[in-house]
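**Student:** Numbering (the numbering used here), first residue to last: 4 to 308. Each residue gets a CB set at the ideal place from its N, CA and C atoms; glycine is no exception.
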Amino acid sequence: MIRIENITKRFKEITALDNVSLEINSGEFFGLLGPNGAGKSTLMNILAGYLDSDEGTVSFKDYPIRRDSMKFRKKIGLAPQALALYEDISAEANLKIFGSFYSLDKDILKASIEEKLYLVGLYERRKDLVKTFSGGMKRRLNLVAALLHSPKVLLCDEPTVGVDPQSRNAIFDFLEKINSEGITVIYTTHYMEEAERLCKKIAIIDMGKIIAEGTQDELLKILPYKEEILISKSEKSETGLSMLEKLGEVSDSGDKYEIKIKGEIKMSDVFKTVEDAGIDYSSVSLHKPTLEELFLKLTGRRLRD
Numbered sequence: 004m005i006r007i008e009n010i011t012k013r014f015k016e017i018t019a020l021d022n023v024s025l026e027i028n029s030g031e032f033f034g035l036l037g038p039n040g041a042g043k044s045t046l047m048n049i050l051a052g053y054l055d056s057d058e059g060t061v062s063f064k065d066y067p068i069r070r071d072s073m074k075f076r077k078k079i080g081l082a083p084q085a086l087a088l089y090e091d092i093s094a095e096a097n098l099k100i101f102g103s104f105y106s107l108d109k110d111i112l113k114a115s116i117e118e119k120l121y122l123v124g125l126y127e128r129r130k131d132l133v134k135t136f137s138g139g140m141k142r143r144l145n146l147v148a149a150l151l152h153s154p155k156v157l158l159c160d161e162p163t164v165g166v167d168p169q170s171r172n173a174i175f176d177f178l179e180k181i182n183s184e185g186i187t188v189i190y191t192t193h194y195m196e197e198a199e200r201l202c203k204k205i206a207i208i209d210m211g212k213i214i215a216e217g218t219q220d221e222l223l224k225i226l227p228y229k230e231e232i233l234i235s236k237s238e239k240s241e242t243g244l245s246m247l248e249k250l251g252e253v254s255d256s257g258d259k260y261e262i263k264i265k266g267e268i269k270m271s272d273v274f275k276t277v278e279d280a281g282i283d284y285s286s287v288s289l290h291k292p293t294l295e296e297l298f299l300k301l302t303g304r305r306l307r308d
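Below, the structure written as structure tokens:
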């Protein structure tokens, strides 16, 4: 559906995007994961048609996306990182204003407003001034404003920044629902746990470059180990250390041994080795690799350093 080919964007001496290429399929929940300043918002603004790239092309179903592509803009919704709401009027009045930008029939707009406010848990507050809303409620209202015209694609730029856990879960549930109904969602975040929960496919971006792309399982295969075993230190675990070293790289983390399991070793072999070493299973825990660890391996930094 959306094809991004070799796009570069510069702001004076700063290269915000450096030869970025991606393909995003129809109906996909696509995540763009990277730290602040990685180029995520710049890419979203290009996809929304608010910016033109300096080099390369972006297309939607082979239709080029540029700042003058008004036809395409009607097919997307953008929930920007900076809230775009009028604080001194009600939630409902805000949505009527945003709906008017798309020349929607009044009855269709009214039904869309009511339906979506109900879905994000704001229907009972529709008459209240936006300035009385919490940060999380404003974020949910921002999402509704981006969806009033029933777009084919929703661009979500860091939609949970500064929100409470209740609003975060409400946003997640809402986005998963609309994606299940066929809307393509492109979601930027620097929270690894959000990408892991929501996104079927993920591109990791850093310093304007895509450094890895794929499903979560495909990305984690880049790491040299598939799982990590944590074993509490004890007399038995110290005695059986030589046996544990057959499983993979062993490191001392203070009160535990950490064993990064080699890719070819089966979990049944792991448990047999632990049993043969005479180690009690209660002192053993399994840790699966994460996207945070992958980012650290690829860049030498943590996502939120």
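#1: Where does the unbroken alpha helix (DSSP H) through D255 begin, and where does it stop?
#2: Is the Cβ-Cβ distance between G217 and K204 less than 8 Å?
#3: Just curious, the beta strand (DSSP E) that L289 is in, first and last residue?
#4: Which residue wins for smallest C-alpha separation from R200, given the options I213, E179, G211?
#5: Taking the straight line between their C-alpha atoms, what separation do you get for L144 and T192?
#6: Measure the C-alpha to C-alpha separation of D283 and F274 and round it to an integer number of angstroms.
#7: Measure the C-alpha to C-alpha separation of S285 and L306 and round it to an integer number of angstroms.
#8: What residues in its chain sit with their C-beta under 6 Å from that of K155, if we drop five residues either side in the sequence?
#9: Flag this pair as yes or no: are the beta carbons of A51 and N97 separated by less than 8 Å?
#10: If you follow the beta strand (DSSP E) that D209 is in, where does it begin and where does it stop?
#11: What's the gap between the Cα of L250 and the Cα of G303?
#12: On the CB-based measure, 16 or more other CB atoms within 10 Å of its CB, does G281 come out buried or exposed?
#13: At 3 residues or longer, and completely inside the segment 135–181: list those beta strand (DSSP E) runs for me, N to C.
#14: Can V166 and R142 be called in contact, C-beta distance under 8 Å?
#15: Taking only three categories from DSSP, how would you classify N28?
#16: Run through DSSP, which three-state label would T242 get?
#17: Could you have a look at R128 and say whether DSSP puts it in helix, strand or coil?
#18: Count the CB pairs spanning the segment 43–63 and the segment 100–109 that are closer than 8 Å, and state whether there are at least three.
#19: Within its chain, find whatever has a CB closer than 7 Å to the CB of S237; leave out the 5 residues flanking it on each side and keep chain order.
**Tutor:** Reading it off the structure:
#1: By 1-based counting over the sequence shown, the position of residue 255 is 252. The continuous stretches of alpha helix (DSSP H) do not include D255, which lies in the beta strand (DSSP E) extending over residues 251–255.
#2: Against the sequence shown, residue 217 aligns to sequence position 214. Against the sequence shown, residue 204 aligns to sequence position 201. Yes.
#3: Counting from one through the sequence shown, the residue named residue 289 turns up at place 286. Residue range 287–290 is occupied by the beta strand (DSSP E) that includes L289.
#4: Residue numbering aside, residue 200 sits at position 197 when the sequence shown is read from its first letter. Cα-wise, what sits closest to R200 is E179.
#5: Indexing the sequence shown from 1 puts residue 144 at position 141. Indexing the sequence shown from 1 puts residue 192 at position 189. Cα to Cα, L144 sits roughly 19 Å from T192.
#6: Working through the sequence shown from its first residue, we reach residue 283 at position 280. Working through the sequence shown from its first residue, we reach residue 274 at position 271. Those two C-alpha atoms are separated by around 11 Å.
#7: For the purposes of this step, residue 285 is taken as residue 282 along the sequence shown, with counting starting at 1. For the purposes of this step, residue 306 is taken as residue 303 along the sequence shown, with counting starting at 1. Their Cα atoms are separated by approximately 32 Å.
#8: In the sequence shown, residue 155 corresponds to position 152, counting from 1. Taking K155 as the centre and dropping the five residues before and after it, the same chain places the C-beta of K78 closer than 6 Å to its C-beta, in chain order.
#9: Within the sequence shown, residue 51 is the residue found at index 48, counting from 1. Within the sequence shown, residue 97 is the residue found at index 94, counting from 1. Against a cut-off of 8 Å, the Cβ pair of N97 and A51 comes out as no contact.
#10: Position 206 of the sequence shown, counting from 1, holds the residue named residue 209. 204–209 is the extent of the beta strand (DSSP E) around D209.
#11: Within the sequence shown, the letter at position 247 stands for residue 250. Within the sequence shown, the letter at position 300 stands for residue 303. Cα to Cα, the separation comes out at about 25 Å.
#12: Within the sequence shown, numbered from 1, the residue matching residue 281 stands at position 278. The residue in question, G281, is exposed, as its Cβ has fewer than 16 Cβ neighbours within 10 Å.
#13: The qualifying runs are 156–160.
#14: Against the sequence shown, residue 166 aligns to sequence position 163. Against the sequence shown, residue 142 aligns to sequence position 139. Going by C-beta atoms, V166 is nearer than 8 Å to R142.
#15: On the sequence shown, residue 28 is found 25 positions in, with the first residue counted as 1. Coil.
#16: Along the sequence shown, read from residue 1 onward, the residue named residue 242 stands at position 239. Looking at T242 - three-state DSSP - the assignment turns out to be helix.
#17: Here residue 128 is taken as the residue at index 125 of the sequence shown, counted from 1. Note: R128 maps to helix in three-state DSSP.
#18: Flag = no, the segment 43–63 and the segment 100–109 do not touch.
#19: Your numbering for residue 237 matches position 234 in the sequence shown. Here the set comprises S286.
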